[in-house]
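Input: a single structure, listed below in structure tokens.
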Amino acid sequence: MSDDASLPPNAPMINGPGSRPQIDGEEDASPSSTTAPASVPSLEAVCADLHGRVSAFLNKTPDSDSTRRVQEQVRISIGVIEKALTDYEFSSLSLSYNGGKDCLVLLILYLYSLYSHFRPSAKLTASSNNNNNNMTTTSTPPPSIPFPTSIPAIYAQSPDPFPAMDNFVTTSSQRYHLDLCTIRTNPRPGQHSHTHVHQSLKPSPLSHSDPPLPSTPPPPVDATKRVTIRDAFATYLSASSSNDASSTRPLPNKILAIFVGTRRTDPHGSNLTHFDRTDHGWPDFMRIPPVIDWRLSEIWLFLRAEELKEADGKPLEYCEMYDEGYTSLGGVGDTVRNPRLRYVDEDGRERYRPAYQLTEDGDERLGRG
Numbered sequence: 001m002s003d004d005a006s007l008p009p010n011a012p013m014i015n016g017p018g019s020r021p022q023i024d025g026e027e028d029a030s031p032s033s034t035t036a037p038a039s040v041p042s043l044e045a046v047c048a049d050l051h052g053r054v055s056a057f058l059n060k061t062p063d064s065d066s067t068r069r070v071q072e073q074v075r076i077s078i079g080v081i082e083k084a085l086t087d088y089e090f091s092s093l094s095l096s097y098n099g100g101k102d103c104l105v106l107l108i109l110y111l112y113s114l115y116s117h118f119r120p121s122a123k124l125t126a127s128s129n130n131n132n133n134n135m136t137t138t139s140t141p142p143p144s145i146p147f148p149t150s151i152p153a154i155y156a157q158s159p160d161p162f163p164a165m166d167n168f169v170t171t172s173s174q175r176y177h178l179d180l181c182t183i184r185t186n187p188r189p190g191q192h193s194h195t196h197v198h199q200s201l202k203p204s205p206l207s208h209s210d211p212p213l214p215s216t217p218p219p220p221v222d223a224t225k226r227v228t229i230r231d232a233f234a235t236y237l238s239a240s241s242s243n244d245a246s247s248t249r250p251l252p253n254k255i256l257a258i259f260v261g262t263r264r265t266d267p268h269g270s271n272l273t274h275f276d277r278t279d280h281g282w283p284d285f286m287r288i289p290p291v292i293d294w295r296l297s298e299i300w301l302f303l304r305a306e307e308l309k310e311a312d313g314k315p316l317e318y319c320e321m322y323d324e325g326y327t328s329l330g331g332v333g334d335t336v337r338n339p340r341l342r343y344v345d346e347d348g349r350e351r352y353r354p355a356y357q358l359t360e361d362g363d364e365r366l367g368r369g
């Protein structure tokens with residue numbers, strides 16, 4: 001996170017699933033009144049379910065070196081999350097979430113860890129079932145502490161998001177009970193979005209269809225105002241630390257640390273550690289990237305693991321764009337399908353293989369402008 005924009009304009013905050021509502025166009029820092037539909041299980045039930053699935057993945061005998069490495073990566077990441085839950089109050093932790101594959105792995109492991117943290121007996125049971133799993137042991141609160149009902153989170157939204165991406169953010173935020181604060185960015189004011197598609201890479205009419213472009217304009221954004229990702233975080237943190245004594249609703253605790261889905265191969269990720277305070281003029285908070293050392297193939301092996309399948313046998317849900325040949329998701333103006341996944345079928349039609357078939361980390365961002 002080394003963007004050098006000035007701090008901070010009033011970044012536009014828009015209501016997302018579980019996001020904090022706006023009042024008279026200004027952000028409201030009080031907890032969201034939005035609740036998940038009645039058909040959605042409670043956060044505790046969701047965490048318990050994923051705790052069981054991840055535990056099954058960790059406890060199985062690895063059938064390959066790749067599986068063994070991913071199991072070790074999971075344990076390392078869980079250890080980082082557990083340390084964060086020990087060092088910080090839950091209400092002072094937040095999650096940076098954009099619906100991407102790396103953030104999804106982080107979220108699943110966070111949900112697993114929350115169940116271990118707030119229900120210590122579950123952790124003891126998991127440990128006794130797998131004495132060789134190397135998981136970090138940390139202190140946990142007594143069972144009497146109420147289980148949280150939502151998870152603080154921020155979505156620094158692209159100025160031109162794909163509808164499919166936003167739809168997945170919406171549905172997954174509801175499913176996993178994220179109290180999501182959505183802030184629209186505008187890093188290049190005055191510039192119109194454009195698609196970085198070389199003529200040779202344009203799909204044929206019979207190829208896999210691209211997610212549709214937005215049919216209606218996004219929520220109003222001042223086109224003259226620069227709003228970077230750094231500005232979005234500054235606005236979010238400012239709202240979290242506000243204190244209105246006249247408010248009849250409890251305000252959220254000040255956010256001190258934020259989990260991020262950054263990996264080593266991402267921009268500005270090469271030198272990050274598991275606990276890395278912001279620098280270069282960013283608002284002050286602790287960055288926590290538990291999946292920093294995961295490789296691309298490990299991300300997909302975990303997300304598509306048999307043990308993580310839903311009760312109906314379907315794979316764990318992720319953004320559908322990954323099955324259309326996209327490997328790194330940004331906005332409409334800077335994201336195309338990865339040329340490494342392109343092929344021509346027996347009928348001469350251009351096709352794209354799914355993202356999980358890409359194995360080289362260095363090729364992951366070839367679809368980004």
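Going by UniProt numbering, the sequence shown opens with residue 1, and the numbers climb by one from there. Note that beta-carbon positions come from the ideal geometry of N, C-alpha and C, so glycine has one too. Computed from a predicted model, the values in this text were never measured in an experiment.
Return helix, strand or coil for Thr67, following the three-state DSSP convention.
-> helix
Would you tell me roughly how many angstroms separate the C-alpha atoms of Arg295 and Thr149, rounded to the nearest one?
-> 32 Å
Nearest neighbour of Ala239, chosen from Cys319, Gly100, Pro152 and Ser113 [CA to CA] = Pro152
Span of the beta strand (DSSP E) holding Glu350?
-> Glu350 to Tyr352
Relative to the C-alpha of Val80, which residue among Gly313, Gly330, Phe302 and Val291 is closest?
-> Val291
So, are the CB atoms of Phe259 and Leu106 less than 8 Å apart?
-> yes
Near Glu364, which residues of its chain fall below 7 Å by C-beta distance, leaving aside the five closest residues on each side in sequence?
-> Thr265, Leu296, Thr327, Ser328 and Leu358
If Glu324 sits next to Ala56, beta carbons under 8 Å apart, how far is it from one beta carbon to the other, in whole angstroms?
-> Actually they are not in contact, since the Cβ atoms of Glu324 and Ala56 sit about 30 Å apart, beyond 8 Å.
Look up Ala239 in the DSSP assignment and say whether it is helix, strand or coil.
-> helix
Label Glu89 either buried or exposed according to how many other C-beta atoms from any shown protein chain fall within 10 Å of its C-beta, with 16 as the threshold for buried.
-> exposed
Who are the Cβ neighbours of Pro62 in its own chain at under 7 Å, not counting the five residues just before and after it?
-> Arg68 and Gln71
Can you grab the Cα-Cα spacing for the pair Ser173 / Asp179, in whole Å?
-> 8 Å
What number of angstroms, rounded off, separates the C-alpha of Glu350 from the C-alpha of Tyr343?
-> 6 Å
Neighbourhood of Ser91 by C-beta, 6 Å cutoff - its chain only, sequence neighbours within 5 removed = Asn253
Considering Ile108, what are the terminal residues of the alpha helix (DSSP H) in which it resides?
-> Lys101 to Phe118
Continuous alpha helix (DSSP H) assignments of at least 4 residues falling wholly in the stretch 259 to 331 = 296 to 303
Distance, Cα to Cα, Pro289 vs Thr273?
-> 7 Å
Could you give the residue range of the alpha helix (DSSP H) that holds Pro163?
-> Pro163 to Arg175
Where does Asp231 sit, in a helix, a strand or coil, going by DSSP?
-> helix
Sorted by chain position, which residues of the same chain lie with C-beta nearer than 8 Å to Leu341's C-beta, five sequence neighbours on each side aside?
-> Gly325, Thr327, Tyr352, Arg353, Pro354, Ala355, Gln357 and Leu358
Taking C-beta to C-beta, are Asp111 and Tyr176 nearer than 8 Å?
-> A small fix is needed here, since residue 111 is Leu in this sequence, not Asp. Yes, these two residues count as a Cβ contact at 8 Å.
Cβ atoms of Arg368 and Ser330: under 8 Å apart, would you say?
-> Checking the sequence, you will find Gly at residue 330 rather than Ser. The answer is yes: Cβ separation under 8 Å.
If you run the structure through DSSP and keep just helix, strand and coil, what is Val344?
-> strand
What three-state label does DSSP hand Ile145 in the structure shown?
-> coil
Who does Ala153 pair with in a DSSP beta bridge?
-> Leu95 and Leu180
Starting from the Cα of Gly100, find the closest Cα among Thr86, Thr235, Lys225 and Asp166 and give me that residue.
-> Asp166
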